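Chains as they are written, first to last, in this note's numbering: chain A, 1 to 600; chain B, 601 to 750.
In this text, a Cβ means the ideal position worked out from N, Cα and C, and glycines have one as well.
Computed from a predicted structure; not experimentally measured.
Take a look at the structure set out below.
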């Protein structure tokens with residue numbers, strides 16, 4: 001009886017144990033499996049190597065320089081490890097004298113915490129050549145880890161700087177937006193680097209590893225490599241871009257060379273800066289000098305610069321005039337002065353243009369024609385038409401944060417300033433002045449519209465990986481506008497080829513082009529002034545912005561070349577020469593094939 | 601003063617237990633020392649047959665030590681031995697008249713049967729399956745002679 005009782009007791013305990021085992025092992029299996037995996041299995045993400053950017057001839061524009069970063073074991077600043085920490089720092093300084101110890105300590109302390117069990121990144125980048133002689137010594141040390149860390153490098157330095165953009169260390173704001181940046185560390189901040197950041201940065205890989213109680217790796221369980229080394233081919237030609245940079249030496253402004261279908265061969269904003277200084281970091285003084293410069297080197301004037309378009313707007317307005325209320329044969333008699341709303345609106349030509357029709361008005365840039373035309377057309381029709389052509393909207397270029405500019409209208413003014421529109425503003429808008437603001441790229445896009453009859457969407461990417469980026473465009477012109485477009489084209493041809501054309505004397509291009517000059521005033525001319533000062537007599541910042549936008553060859557338009565020189569004075573004089581040289585370079589590089597120049 | 605026979609037995613049993621603890625520790629280190637599992641089974645069966653509570657308790661203790669040494673489930677060997685003794689051995693005895701055959705079946709059931717029993721439980725409760733090796737044959741042979749002496 002006693003034995004049976006004892007055995008029953010054993011059995012009961014055994015059964016109770018089995019019930020508990022069942023609960024732990026079967027019922028809570030997934031819970032405890034996860035818990036144990038957390039202790040023993042660790043996931044490590046592998047940072048992808050940023051993709052490279054090349055130009056249309058496969059020349060590297062943004063590449064990765066091979067280097068390493070140095071990491072230090074965590075918790076070394078605690079009392080019991082303090083000596084170890086000092087020893088490691090001492091050795092690093094001895095082997096790599098160029099290291100900044102203060103920065104190293106700062107980097108370490110910033111990330112050191114009880115909860116961090118990962119190695120801490122203390123030196124973000126050391127060039128390959130520098131680390132190699134000491135690699136074997138450092139790699140033997142238990143507390144030091146050396147891992148590959150590529151660094152962005154821009155071989156063309158300041159060429160097309162604004163367009164290419166740069167990468168820099170990701171800040172907390174960037175990390176909040178994209179958690180992956182915590183691992184990668186760098187992100188595209190401007191230009192193409194920012195716009196195609198997702199594509200270029202790739203996707204991280206992952207390692208599943210088994211660790212012991214000391215968090216040391218025992219075995220690698222799975223390995224998934226990062227999706228990296230993606231290639232972005234641009235439409236830019238860096239040789240042409242370098243040439244244009246030389247042309248713009250000492251000038252401030254923007255230039256764009258665009259295929260009439262939207263592919264951009266060259267896009268520059270001046271002055272520019274060496275992109276590599278952003279990757280390595282620059283001194284406070286250097287940053288201060290650049291950011292406080294009145295020439296705004298950090299601004300990509302092509303898409304972020306807002307300027308009055310001046311007379312470059314006349315071809316688009318002219319097209320609106322002759323397709324709405326006016327006929328192509330409608331003409332005015334320009335007497336140089338038009339009294340309007342208690343003010344005198346002057347034409348640039350002191351003696352006036354006399355009888356002027358649309359062709360002459362564009363060819364000789366007659367302001368009076370456009371003043372009078374605008375009064376017939378009215379501001380509403382003008383602003384609506386220009387907006388339909390694509391102004392006051394993004395061009396759609398693959399660059400971040402493009403500005404849209406302003407096409408002034410009654411509604412816009414009321415909304416913006418809560419003030420009434422006056423008739424003089426209609427006249428001012430007609431010559432691209434007043435509140436009228438455009439970006440240089442918008443003017444180039446409008447020129448392509450005049451050249452081909454369709455509005456191309458500018459783009460800088462030629463191939464994303466192996467996928468070719470197709471040209472896209474919008475049909476914005478009505479049938480009537482398309483029918484009367486040759487009138488404007490002919491007028492623009494005469495601007496560059498007729499002896500009375502505003503650009504003819506400044507051009508020396510071997511390509512037959514059509515274009516439009518623009519001299520956009522930045523200060524108002526006083527009403528009582530008898531004799532206007534010449535541009536070069538004005539103080540630099542009072543001089544007009546010089547525009548010249550063109551397309552060529554005239555008969556078979558292939559490229560739009562637009563140049564805008566801030567405070568350059570007369571459009572034809574300041575920008576015409578640059579544009580001519582660019583066409584000649586296009587010819588030399590084989591982009592334009594033209595046997596001989598048409599005779600004027 | 602003459603010591604009572606009951607006390608003498610208890611002291612003897614206590615000495616055996618102490619010896620077993622040492623021996624069991626050694627056998628877990630040196631695999632050529634058989635764990636005496638089958639011997640314990642025979643002794644356990646005899647104790648049950650005699651309804652000797654003290655012996656059953658002491659042998660149970662030895663079995664628990666064996667389980668602990670090998671990382672088996674607590675009381676699993678006792679439960680298994682009881683099942684063997686109560687339900688399986690009577691059938692074997694019914695079918696075999698040969699004593700040697702019964703001894704061999706005792707040994708095989710003790711070792712292989714227990715291994716299968718543990719495997720079954722481990723599979724049901726998702727525990728680590730016990731490992732078996734060729735030493736078991738050696739243990740069966742050695743313990744056959746020892747059991748013969750009992």
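Beta bridge counterpart(s) of residue i as assigned by DSSP
| i | result |
| --- | --- |
| residue 346 of chain A | A/337 |
| residue 564 of chain A | A/254, A/547 |
| residue 210 of chain A | A/41, A/219 |
| residue 152 of chain A | A/64 |
Three-state secondary structure assigned by DSSP to residue i
| i | result |
| --- | --- |
| residue 273 of chain A | coil |
| residue 86 of chain A | helix |
| residue 190 of chain A | coil |
| residue 610 of chain A | With chain A covering 1 to 600 only, the question about residue 610 of chain A has no answer from this structure. |
| residue 71 of chain A | strand |
| residue 424 of chain A | helix |
| residue 217 of chain A | strand |
| residue 176 of chain A | helix |
| residue 440 of chain A | helix |
| residue 205 of chain A | strand |
| residue 593 of chain A | coil |
| residue 59 of chain A | coil |
| residue 10 of chain A | helix |
| residue 639 of chain B | helix |
| residue 314 of chain A | helix |
| residue 130 of chain A | helix |
| residue 196 of chain A | coil |
| residue 27 of chain A | helix |
| residue 587 of chain A | helix |
| residue 601 of chain B | Confidence at residue 601 of chain B is low in this model, with a pLDDT of 48, below 50, so its placement is unreliable and the value that follows should be read with caution. The answer is coil: DSSP assigns residue 601 of chain B none of H, G, I, E or B. |
| residue 120 of chain A | strand |
| residue 108 of chain A | helix |
| residue 416 of chain A | helix |
| residue 52 of chain A | strand |
Chain A within 7 angstroms of residue i, Cβ atoms only
| i | result |
| --- | --- |
| residue 725 of chain B | yes |
| residue 729 of chain B | no |
| residue 656 of chain B | yes |
| residue 674 of chain B | yes |
| residue 749 of chain B | no |
| residue 651 of chain B | yes |
| residue 704 of chain B | no |
| residue 678 of chain B | yes |
| residue 735 of chain B | no |
| residue 685 of chain B | no |
| residue 623 of chain B | no |
| residue 616 of chain B | no |
| residue 682 of chain B | yes |
Residue i at chain B interface by Cβ criterion, 7 angstroms
| i | result |
| --- | --- |
| residue 168 of chain A | no |
| residue 30 of chain A | no |
| residue 91 of chain A | no |
| residue 23 of chain A | no |
| residue 278 of chain A | no |
| residue 13 of chain A | yes |
| residue 606 of chain A | Look at the range of chain A in this structure, 1 to 600, and you will see that residue 606 of chain A is not part of it. |
| residue 7 of chain A | yes |
| residue 144 of chain A | no |
| residue 34 of chain A | no |
| residue 3 of chain A | yes |
| residue 221 of chain A | no |
| residue 606 of chain A | Outside the modelled stretch of chain A, which goes from 1 to 600, sits residue 606 of chain A, for which no answer is possible. |
Cutoff 7 angstroms: residue i Cβ touching any chain C Cβ
| i | result |
| --- | --- |
| residue 700 of chain B | Among the protein chains in the structure shown, which are A and B, there is no chain C. |
At which residue ranges does the segment 687–736 of chain B contain complete alpha helix (DSSP H) runs of 4 or more residues, listed in the order of the chain? 689–695, 699–708, 714–724
Answer yes if the segment 558–566 of chain A comes into contact with the segment 237–256 of chain A, meaning at least three C-beta pairs across the two stretches below 8 angstroms, and no otherwise. yes
Could you tell me whether the segment 121–139 of chain A touches the segment 42–56 of chain A, where touching means 3 or more Cβ pairs closer than 8 angstroms? Segments in contact, no.
Curious, which full-length beta strand (DSSP E) runs of at least 3 residues does the segment 447–505 of chain A contain? As far as the segment 447–505 of chain A is concerned, its whole beta strand (DSSP E) runs of at least 3 residues are 461–464.
Assess contact between the segment 91–103 of chain A and the segment 184–195 of chain A, defined as three or more Cβ pairs (one per stretch) separated by less than 8 angstroms. Is contact present? Taking one beta carbon from each stretch, the segment 91–103 of chain A and the segment 184–195 of chain A have fewer than 3 pairs nearer than 8 angstroms; the two do not touch.
Give a yes or no on contact between the segment 409–429 of chain A and the segment 478–487 of chain A, applying the rule of three or more CB pairs nearer than 8 angstroms. These segments do not touch.
Below 8 angstroms, can you find three or more Cβ-Cβ pairs linking the segment 443–454 of chain A to the segment 272–287 of chain A? no
Quick check: the segment 512–522 of chain A against the segment 301–316 of chain A, are there 3 or more CB pairs under 8 angstroms? yes
Counting Cβ pairs closer than 8 angstroms, one from the segment 739–748 of chain B and one from the segment 706–725 of chain B, do we hit at least three? yes
Pairing CB atoms from the segment 299–306 of chain A with CB atoms from the segment 261–274 of chain A, are three or more of them under 8 angstroms? yes
Cβ contact (3+ pairs, closer than 8 angstroms) linking the segment 196–209 of chain A and the segment 25–44 of chain A: yes
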